[in-house]
Amino acid sequence: MNASRHQEIDEVDRKILEELTKDSRKSSRELSELIGVSPPTISARVKRLVEQGTIARYTIEVNPENIGYEALVEFGINASSHDKIEKIAEAIIEYEEIHNLYLVTGDHDLTCRGVFRNLKELERFMREKIFPLGISRSDTSIVLKRYKPSNFRYRFTLF
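The number in the working numbering is simply the position in the sequence shown, starting from 1, with 28 added.
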């Protein structure tokens, strides 16, 4: 983490963040009742957290299987040379099938996760979009069962 961007948060901020990660639709009134401070204080705190970038966005979590996407896939990708990593990453982030992408240490240069309607769609994606990028290797793992949802929640009690 870049120390110049680090924002100090107190216990009230932690509780607000914890509650909003559970349900970003909670109103200031609901948060006020749960946390024990006034709704105007909650509103001011949330506004500050948004302005400083601590709250990056409000969103929902969609179950891809319920809308016809049956293949959740993890990819490990190696660029053919290190100077191509950024170019490959810039291309991959534009693909709607991919919902996260990371530069990583270990066996791969990049890892990403995507969803596909079926294996035929996955094969076409690999052939038409991934292989032409100049990669030297890709490993693909198809998720068979989800034990924990993919949403990421910070454990604010650790801070």
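Heads up, the beta-carbon is just placed ideally off N, CA and C, and yes, glycines get one too.
I116 and S66 have their C-alpha atoms spaced approximately 48 Å apart.
DSSP places H34 in the coil class of the three-state scheme, outside both helix and strand.
Minimum Cα-Cα distance from L150 among the listed residues L100, E114, Y175 corresponds to L100.
Note on geometry: alpha-carbon atoms of K50 and V132 lie some 28 Å from one another.
Per DSSP, reduced to three states, the secondary structure at A117 is helical. As computed with DSSP, S166 is found in a beta bridge with I105. Looking at the backbone, the Cα of L161 and that of Y130 are separated by about 16 Å.
Of the other Cβ atoms in all chains shown, 16 or more fall within 10 Å of the Cβ of F103; this residue is therefore buried.
Excluding sequence positions up to five before and after E98, its CB lies within less than 7 Å of the CB of R145, N146, all in the same chain and listed in chain order. Annotated three-state conformation of A84 is coil, per DSSP.
Residue pairing for G142: DSSP places it in a beta bridge opposite V101, I126. Secondary structure note for R152: its alpha helix (DSSP H) is the uninterrupted segment 147 to 153.
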